[in-house]
Ligand code: SAH
Ligand code: SF4
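Numbering (the working numbering), first residue to last: 21 to 392.
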């Protein structure tokens with residue numbers, strides 16, 4: 021059986037090559053060709069012995085997720101649509117800024133956790149992405165960006181930050197996520213610092229502990245409610261891991277985290293979780309956890325029962341948190357037209373495959389969100 025080399029981090033690649041009689045340094049060379057230079061043609065890996073190149077041709081392949089489409093919006097945000105087989109389509113979003121470039125990637129096709137305000141949750145769970153599909157989003161986007169060179173940046177610096185905030189719950193696909201993270205951090209692959217890679221979770225407590233032990237990167241936690249009663253409704257996984265356990269897990273995570281705070285994400289739902297009383301309740305709830313807040317104006321989608329909180333309400337809510345000394349940012353509402361265009365694009369592709377009822381994930385992030 022052939023191996024997809026994009027599925028292997030340094031340790032696995034070393035083991036794979038050792039099984040085939042090769043020395044460990046070969047793994048570093050292969051990693052560099054694959055990830056740093058985006059090369060998939062074994063013949064082009066010129067400093068690798070011809071005998072190994074021939075061996076690789078028979079034993080291995082390099083297969084990233086297929087790039088279906090790529091759109092650039094007016095503000096430079098660029099969306100990539102990938103075919104991950106079986107009719108599943110996922111998206112990555114690249115957000116260029118002067119000082120950094122952030123890529124938002126997906127970890128699952130769909131999501132089983134069914135948060136009531138989330139379009140991905142509403143589409144149900146299709147499957148976990150493989151390591152090659154997770155890290156392959158970086159692989160493909162980097163190649164695409166490198167080809168353009170429009171920012172004039174050295175191509176290996178174009179993606180400076182990665183956030184796992186696209187489709188799916190990264191910690192529900194922990195093994196593949198951790199292997200992909202290791203590749204992102206590996207100096208021979210993407211060489212990102214742990215502070216510049218952020219995992220967002222709805223709060224899978226045991227997996228948070230494992231992430232801390234196996235590959236502690238920056239952490240964002242989707243809180244969305246100041247008490248268990250409301251969180252049970254908005255984020256159903258709360259019934260299994262209630263707030264007290266979740267916040268204790270955040271504290272444990274911080275012992276090994278690359279940053280000294282957790283980012284709490286809080287979606288602003290009109291009349292549901294956005295009152296002054298709830299802001300105060302939130303402050304009391306989180307007072308023992310070093311944290312920042314990121315308020316996310318709700319992104320509506322067809323059939324969703326919620327409305328976005330008015331801008332004045334969001335400002336007031338943010339003020340209450342900031343005045344109490346908690347750093348609070350509000351995600352700038354990016355052009356809904358752009359997010360819609362993104363969703364429509366996935367819709368069109370899926371229509372061609374005669375699948376209905378599935379939609380692209382809502383675009384969850386914008387420039388401000390990644391300013392942690
Ligand atoms: N599953 C992970 C990561 C993906 S979702 C998580 O839940 O954290 C990334 C962020 O987008 C989460 O904070 C999520 O709650 C938020 N989100 C989901 N649906 C949204 C919507 N319709 N509008 C605004 N934010 C949304
Ligand atoms: Fe899944 Fe996150 Fe959406 Fe909840 S918010 S359904 S965990 S992707």
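The C-beta atom is built at its ideal place from N, Cα and C for all residues, glycine as well.
Exercise. Does the beta carbon of residue 185 fall short of 7 Å from some heavy atom of ligand 1?
Worked result: Indeed, a heavy atom of ligand 1 lies less than 7 Å from the Cβ.
Exercise. Going along the chain, which residues of its own chain have a beta-carbon closer than 8 Å to the beta-carbon of residue 308, five neighbours each way excluded?
Worked result: Excluding positions up to five away in sequence, the list reads 267 and 271.
For this session: Look at the Cβ atom of residue 133, then the Cβ atom of residue 334, and state whether they are nearer than 8 Å.
Result: No. Outside cutoff.
For this session: Could you please give the first and the last residue of the uninterrupted beta strand (DSSP E) stretch that includes residue 199?
Result: Run containing residue 199: none in the beta strand (DSSP E); it sits in the alpha helix (DSSP H), 194-205.
Problem set entry | residue 131, enclosing alpha helix (DSSP H) - first and last residue | It is not in any alpha helix (DSSP H) - residue 131 carries neither H nor E in the DSSP assignment.
Exercise. Who are the near neighbours of residue 32 in its chain, counting only those whose CB is closer than 8 Å to its CB and skipping five residues on each side?
Worked result: Hits under 8 Å: 199.
Exercise. Taking 7 Å as the line, does the beta carbon of residue 319 fall inside it for any heavy atom of ligand 1?
Worked result: When distances are taken from the beta-carbon of residue 319 to the heavy atoms of ligand 1, the shortest one is below 7 Å.
For this session: Can you tell me the Cβ-Cβ gap for residue 84 and residue 152, rounded? I've got them flagged as a contact below 8 Å.
Result: Indeed they touch by this definition, with Cβ atoms about 7 Å apart.
Exercise. Heavy atom of ligand 2 less than 7 Å from the Cβ of residue 394, yes or no?
Worked result: This structure cannot speak to residue 394, because the chain is shown only from 21 to 392.
Exercise. CB of residue 220 to nearest heavy atom of ligand 1: below 7 Å?
Worked result: Residue 220 Cβ: within cutoff of ligand 1.
Problem set entry | Inter-residue CB distance, residue 140 and residue 184 (contact presumed, cutoff 8 Å) | 13 Å between Cβ atoms; not a contact.
Exercise. Whose CA, out of 235, 190, 191 and 187, lies closest to the CA of residue 203?
Worked result: For the residues 235, 190, 191 and 187, the minimum Cα distance to residue 203 belongs to 235.
Exercise. Taking Cβ to Cβ, would you say residue 338 is nearer than 8 Å to residue 305?
Worked result: Taking 8 Å as the cut-off, the beta carbon of residue 338 is found no closer than this to the beta carbon of residue 305.
Problem set entry | Alpha-carbon spacing of residue 42 relative to residue 50, whole angstroms | Each residue's alpha carbon lies about 12 Å from the other.
Exercise. When the Cβ atoms of the segment 236-249 are set against those of the segment 55-75, are three or more pairs found closer than 8 Å?
Worked result: The segment 236-249 vs the segment 55-75: no contact.
Exercise. Whose C-alpha, out of 286, 295 and 336, is nearest the C-alpha of residue 318?
Worked result: Ranking 286, 295 and 336 by Cα distance to residue 318 puts 286 first.
Problem set entry | Limits of the beta strand (DSSP E) - the one that residue 342 falls within | From DSSP, residue 342 is part of no beta strand (DSSP E) but of the alpha helix (DSSP H) over 331-343.
For this session: Would you mind listing the alpha helix (DSSP H) stretches within the segment 137-164 that are 4+ residues and don't spill past its ends, in chain order?
Result: Correct list: 139-143.
Exercise. Taking 7 Å as the cut-off, is the CB of residue 140 close to at least one heavy atom of ligand 2?
Worked result: Residue 140: yes, Cβ under 7 Å from ligand 2.
For this session: On a CA-only basis, which of 186, 179, 46 and 44 is nearest residue 101? Give me that one, please.
Result: When 186, 179, 46 and 44 are compared, the shortest CA-CA separation from residue 101 is found for 186.
Problem set entry | Distance between residue 322 and residue 124 (C-alpha atoms, nearest Å) | Going by the C-alpha atoms only, they are around 23 Å apart.
Exercise. Relative to the alpha-carbon of residue 224, which residue among 104, 262, 23 and 324 has its alpha-carbon at the smallest distance?
Worked result: Here the closest residue by C-alpha is 262.
Exercise. When we look at the beta-carbon of residue 220 and count the other beta-carbons within 10 Å, is it buried (16 or more) or exposed?
Worked result: Burial state of residue 220 is buried, judged by a 10 Å Cβ sphere holding 16 or more other Cβ atoms.
Exercise. Hey, quick one: how far does the beta strand (DSSP E) through residue 240 stretch, first residue to last?
Worked result: That run of the beta strand (DSSP E) goes 238-242.
For this session: Kindly examine ligand 1 and report whether one of its heavy atoms sits closer than 7 Å to the Cβ of residue 270.
Result: No, since every heavy atom of ligand 1 falls outside the 7 Å radius drawn around the Cβ of residue 270.
Problem set entry | Close beta carbons around residue 37, own chain, < 7 Å, minus the five adjacent residues each side | Result list for residue 37: 46 and 47, in chain order.
Problem set entry | Environment of residue 142 [buried if 16+ CB atoms lie within 10 Å] | Buried is the label assigned to residue 142, since at least 16 other Cβ atoms lie within 10 Å of its Cβ.
For this session: From the DSSP output, in three-state form, read off residue 103 for me.
Result: In the three-state scheme derived from DSSP, where H, G and I count as helix and E and B as strand, residue 103 is classed as strand.
Exercise. Is it the case that the CB of residue 133 approaches a heavy atom of ligand 2 more closely than 7 Å?
Worked result: Closer than 7 Å to some heavy atom of ligand 2: that describes the Cβ of residue 133.
For this session: Report the rounded CA-to-CA distance for residue 144 versus residue 326, giving the unit in angstroms.
Result: In a straight line, the C-alpha of residue 144 is about 19 Å away from that of residue 326.
Exercise. Where does residue 288 sit, in a helix, a strand or coil, going by DSSP?
Worked result: In the structure shown, residue 288 falls within a strand segment according to DSSP collapsed to helix, strand and coil.
Exercise. Taking the alpha carbon of residue 94 as the point to measure from, which residue in 148, 115, 23 and 110 has its own alpha carbon closest?
Worked result: Of the candidates 148, 115, 23 and 110, the residue whose Cα lies closest to the Cα of residue 94 is 115.
Problem set entry | Contact belief for residue 290 with residue 328 at Cβ below 8 Å, rounded distance in angstroms | Beta-carbon to beta-carbon, residue 290 and residue 328 are separated by about 6 Å, close enough to satisfy the 8 Å threshold.
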